[in-house]
Amino acid sequence: MESEISNSGTVSLIEERLPRDIKREWSREVNRSTSKVEQKNKFPYLLQFLQEQRKIIEYEPSELRTGGDHARKGRVHMIDRDGKFIEDKEATKTTRCLVHSSSTHNTADCRVYQEMAPEGKVQLLKEKQACWSCLKIGHRSIDCRQRKKCNSDDCSKYHHDSLHVAHVQGVAFHIPYFSRPNSDADGKESGTCLLQVMKIKSAVNAAPLNVLWDGGATISLITFAKARELSLDGEEIRLSVVKVGGVKEEMRSSVYKLPLIDESGETVNFRVYGIDRISSPMEGINLNGVMHLFQNINKQEIQRPNGEIDVLIGYEYAGYHPEREQSSGHLLLLKNRFGRCLGGSHTSMAENTLKLIQHATVHHVARINIENFFDTESLGVECSPRCGSCRCGRCPIGGKSFTLKEERELNLIEEGLTHEGDHWVARYPWIRSPDDLPNNKEAALRMLGSTEKRLQKNKPLLETYKEQIQDMVQRGVARKLTQAEIENYDGPVYYLSHHEVLKPESTSTPCRIVFNSSAKFQGHSLNNYWAKGPDLMNNLLGILVRFREGPVAFVGDIRKMYHAIKISVLDQHTHRFLWRDVSQDSGTSTYVMTSVSFGDKPAGNIATVALRKTAEMQKDDLPNASDTILNNTYVDDIADSVETMVTARETTGQIDDLVKVGGFQIKHWIYSSENVNDDSANRSLGSKSVCEKQIQNTGTACSEGDEQKVLGVRWDSNRDEFCFKTQLNFTPKIKKLRSGPNLTQEQVPALIPPILTKRMVLSQINGIYDPLGLAAPFTVRAKILMRKLWIGESKDLTWDDPIPASLREEWLRFFIELFNMEKVTFRRCVKPVGAVGNPALVMFSDGSDQAYGTCAYCFYQERISPHFRERIFFVDSEIVRAMIQKDSYGFNTYAAVRIGEIQEGTSPSDWHWIEGKLNIADWITRGKNPSELDKNSLWQTGPDFLHLHESEWPIKKFVLPDHLPEETKAAMIIQVESRIILSHAIDILRFSCYYRLLRVTARITAVGKKTPKPSLKNLAAPVEAECVQNAELLWIKEAQKSLQQRFEKGKFNRLCARKRKDGIIVVGGRIPKSSESSYDEQELILMPFDHRVSRLYAERVHSRGHNGVSTTMSKIRTRFWILKLRKMARAIREQCVICRKKQKILESQVMGTLPKERVTPAPPWNSTAVDFFGPFQTRDSNSIRGQWKVGRVSKALVEDDGRVRRVEVQYKCLPTKETKVYKGQAYTTIERPVQRLVVIVAANESFERN
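Residues 2 to 1251, numbered by the working numbering, are exactly what the sequence shown covers, in order.
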């Protein structure tokens, strides 16, 4: 068995799952200079290390009280943190009774111990650190030689018989010696906590599931095995999981809909996420010791299931979690709609199931660029300038769009680059010490074997792979280490695994060797040790636009750009890799990378910074070449355009000379306009010779009609045109490559799958790469079709559901027409022949309910006009043009921000109106076929009027309208009248506070205030006292609506009811003129009993003091006369929690009954007694132990304070010289302290009866 698992893969798996502190100790043990661990076979040493760690962990629990060494029995030992023994000299004395610290009797025989409560016994044994089995000190219970099972009630636990009662009552002292006990609030041990597990049926016809209810989880989980068994369909997501030991793992998962059946037969659906395992296998729990603790419970209902946990339900479904039904101490009986289970802890049960997941986080969208997301959201609302006083955190000193962290990382990269001779040497930007890297040679060797097996299945690929390795060694990119170098180097070492990356469409490197710096070993990844730096790439769209400016274009490619930069010795040894020639059965050799490796996190920025520094070094000598490198390079691609071929050749020759200084080399140059292409095989010539060589060798690199890719865009260099290539492929992907060939035009639509899904069509349209938007009128049709999949009857479809038949037909037509785009070409150069001066940028824009877009044309005038304008904008909406002409502050916020941005970047006078049929941007919002986009189409040539003089353009002049959409004006937007129906506007039943009701009403009525003006902004204004008073009057009128008919019929005449001028009914107003001066004659507002306002006001008055019914009524009647007020006040008081607590009836003292002699009629002096006198039990110190005597209190000793604390007791004894003899019986008298005297003895009782 050991030989099967003793391999590097198993060791790596174990190391990855170790807790952080133990993993750190193991790493120190392996990397120690005096370590005995063999790198090729670490498993035996790892096993021994873990066993030692287990002993240390097992020693920590509170049950371990002493050293327990049998060689030192009879004495108490403890171990300090250094592992040394400490002797307890006080405990070395022979002690049999733990209560009296005496050696005359055992603890079990001690009467004081026997009379102790169960908790007191356990506490005593804990304080004395005694054994649970023999009640003696000096050893652990597990090492006790007298260890045996309890004999009481067939108890199966190992403890002394005297502790059985404590065990039954749940007093915690039975803790498994390998686990740490829990503690409650009082510090009492309560055992390990039980997981809440049930067996629940699924709606799918399958065996019941083991379901764990976890109140600490925020998501629900299911094992992949159980999901496959239930045939659940899931949607792919990414899951971040923290496992036991703190190991974080990113994994692919799926989200499922799991139906479970409750006890009533109803189906409940849960949203669960897939995971490999949730827990270790569960063990059965013996319920015999706890069944008597609960009533009316069947053992089968709470029986613990066996096996692993299948489903974990998190607290997101808190309403379904079990709740407490019964309890006994910390052990709970829980119940929910699915059944019953046990929870909590009890000493008779221990939970041995290990939950493998500590925390999980769901990534619904993986690898999203949040900055690009906000850039899209801010379209039309982003204003300039972005720097200056900006406090966004992304504008450090210098105006770069870098964060402070990115700028520090860039400084690390720049400081690590040094120019030595004709090349650059880079020191990687380490942000973590490389000394922490583990030696992963065994893991790299296993990965090499896996790569070899894969390559042997494809012999041509294996030969290509070997040639790539040999080429790296020949070019000095990698070198083989000698045995002496390996043995003498004592710095950090790390081995990289490598694999092939296939790129069939690439002509230069169809097979590229990639070193995996992101691979993890023992939780360490090389890429996590480096800083990445900021994004230093030039804008892709800007390079392509500049590529279209000049008549002559050229494209270059830097050969093996990353490998041109050398690295330091430290970085070389952290870039070791293994290789062997399989065909020759040679041994494994160790190599190091001597150059920057593709796949390292900072590799791109290191190469870019080195190239930029090379260009800046020669900026004065070669300005044109330096400018091209700084502005028109994207990674290792160079693309630019100039006016003439001579200029192009001079620039490329200068670039050749420039990059040589940094050790770089151009692979080849490709030119437009002529069939002039230079392979540049011999780069040893000077720039002048290179130019001559290029002129002489025309047409050597590209054939007629040869297509190249310029930053992903297809370019026919001979015809100098952009073109498109259709790639339609619905076969599944294997290792990110389609498993089948692309479809041809003849195979469409016959071979298109009968079922299309959202995922399938999105994958196909994402293959259309058009960064310049040349095919926008056609590609917008695909975007509109995708939009239809999220509206109407298709809005509830998931990514893998079939799309409706009607939409499928539309997609088929689109795919058929997609092949017609191969016939459409676009001229690269936008500058016509013979053009003079700089062009004007003419832009058309349009929008509809389906799409919006803009397009631009370069307009060259025949002669330079003194009124030349650089930018001209056209729209076909008179309203939009008029809104741009007006000041932005006249519109609402949404429109004003966008209009302000337009006015800040352009001049309103540059905006013009044209008819909709002349607006070419209308094509983008409606869509066109590829046949309508050819060279002679309006889309490529532009509207006809652009070929006329600017004075002849069809631009319409018009007067601004009086009012525009989105324009604000001072007008009342909401009118609130006093006769508003408050019961319709405000739900008064939702209010529990009278004052809050008035404030809310005041805010709503404040919206229509005429001062300063009606506005919704009044809702946020401070509430004035006058508004609150008006709100109260509105609610009073609302409440009195139910009293109007009774008032008109004279039902309230006895109360002298009348109406005030404001329409409110009042009572008690016999002297209205003098009501202000006389408190007794003040009028009261009449209110109904059954209205919510009356109740809220009465509750508010009662809450101020919580007085009685009469007091509450008196306070209310200072303002209101509420009908049936006493009934309301009494109900409020009875329902008030505070009042009920204040008036609760407490238990009273019960007096004891008097003796019969005190209450029975009798003549004087018939009975004589002395209080607190009676038989007193005492113990003779000279008698046999355990024999008790009966004596009589003969005298009470009264102290100074008048209390009796000691008495004289007479009792029979053996005759001695000191004893007295009465009727042949010897008596003695002693003093005893008084604890309790229980009987009043009559005077006529004989002494002998006692």
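Cβ coordinates follow ideal geometry from the N, Cα and C atoms, glycine included. These numbers were taken from a predicted model, which means no experiment stands behind them.
Per DSSP, the beta bridge partners of Pro1234 are Arg1207. Annotation: Asp988 is outside any alpha helix (DSSP H) and is labelled neither H nor E by DSSP. Counting of Cβ neighbours within 10 angstroms places Ser627 among the buried residues, the total reaching 16 or more. Relative to the Cα of Cys1028, the nearest Cα in the group Thr1006, Lys1038, Val515, Trp1036 belongs to Thr1006. In the DSSP secondary-structure assignment, Tyr853 is bridged to Gly848. Rounded to whole angstroms, the Cβ separation of Pro260 and Val205 is 7 Å, and the two are in contact under 8 Å.
Leu541 counts as exposed, since fewer than 16 other beta carbons sit within 10 angstroms of its beta carbon. Residue burial is scored here from C-beta neighbours: Ser642 has at least 16 other C-beta atoms within 10 angstroms and is therefore classed as buried.
For Val273, there is no enclosing alpha helix (DSSP H); the enclosing beta strand (DSSP E) has its first and last residue at 268 to 276. DSSP places Arg1000 in the uninterrupted alpha helix (DSSP H) bounded by 995 to 1007. With fewer than three CB-CB distances shorter than 8 Å, the segment 459 to 467 does not count as touching the segment 592 to 602. With contact defined as three or more Cβ pairs closer than 8 Å, the segment 121 to 134 and the segment 144 to 159 are in contact.
For Asp641, the secondary structure class from DSSP, reduced to helix, strand or coil, is strand.
The DSSP assignment places complete beta strand (DSSP E) segments of no fewer than 3 residues inside the segment 416 to 456 at 418 to 421, 424 to 427, in order along the chain. Under the Cβ criterion (8 Å, minimum of three pairs), the segment 1085 to 1094 counts as touching the segment 1038 to 1050.
For Trp812, no pairing in a beta bridge is given by DSSP. In its chain, beyond the 5 residues on either side, Phe1173, Ala1197, Leu1198, Val1199, Val1235 have a beta carbon closer than 8 Å to the beta carbon of Val1205. From the listed residues Ser254, Ser103, Ile303, the smallest Cα separation to Leu195 is found for Ile303. Note that the C-beta distance between Trp914 and Arg872 is not below 9 Å. The secondary-structure analysis by DSSP pairs Tyr858 across a beta bridge with Val843.
In this structure, the alpha-carbon of Ser518 lies about 43 Å from that of Ala852.
When the beta-carbon positions are compared, Lys533 and Asn606 come within less than 9 Å of each other. Counting only the Cα atoms, Gln1144 lies some 37 Å from Ile987. Looking only at Gly917, Cys859, Asp110, His525, the smallest Cα-Cα distance to Ala836 is reached by Cys859.
Using a 10 angstroms sphere on the CB of Asp847, the tally of other CB atoms reaches 16 or more, which defines it as buried. Only buried fits Lys43, as 16 or more other CB atoms lie within 10 angstroms of its CB. Out of Arg480, Ser952, Leu808, Glu794, the CA that lies nearest to the CA of Ile785 is found in Leu808. Using a C-beta cut-off of 8 Å, the segment 221 to 236 makes no contact with the segment 323 to 330, since fewer than three inter-stretch Cβ pairs fall below that distance. Assignment of Ala1227 by DSSP, reduced to helix, strand and coil, places it in the strand class.
A contact is defined here as three or more CB-CB pairs under 8 Å, and the segment 821 to 833 meets this definition with respect to the segment 722 to 742.
Scanning Thr629, Lys832, Asn1031, Arg513 for the CA closest to the CA of Asp472 turns up Arg513. For the segment 1054 to 1141, the full-length beta strand (DSSP E) segments reaching 3 residues or more read 1066 to 1068, 1085 to 1088, 1121 to 1123 along the chain. Scanning the segment 509 to 564 from its first residue to its last, the whole alpha helix (DSSP H) runs of 4-plus residues come out as 541 to 548. In the same chain as Ala167, and ignoring 5 residues on each side of it, the C-beta atoms closer than 8 Å to its own belong to Pro119, Glu120, Lys122, Val123, Phe174, in chain order.
Leu456 sits away from Thr591, with the two beta carbons spaced by 9 Å or more. Of the other Cβ atoms in all chains shown, fewer than 16 fall within 10 Å of the Cβ of Gln301; this residue is therefore exposed.
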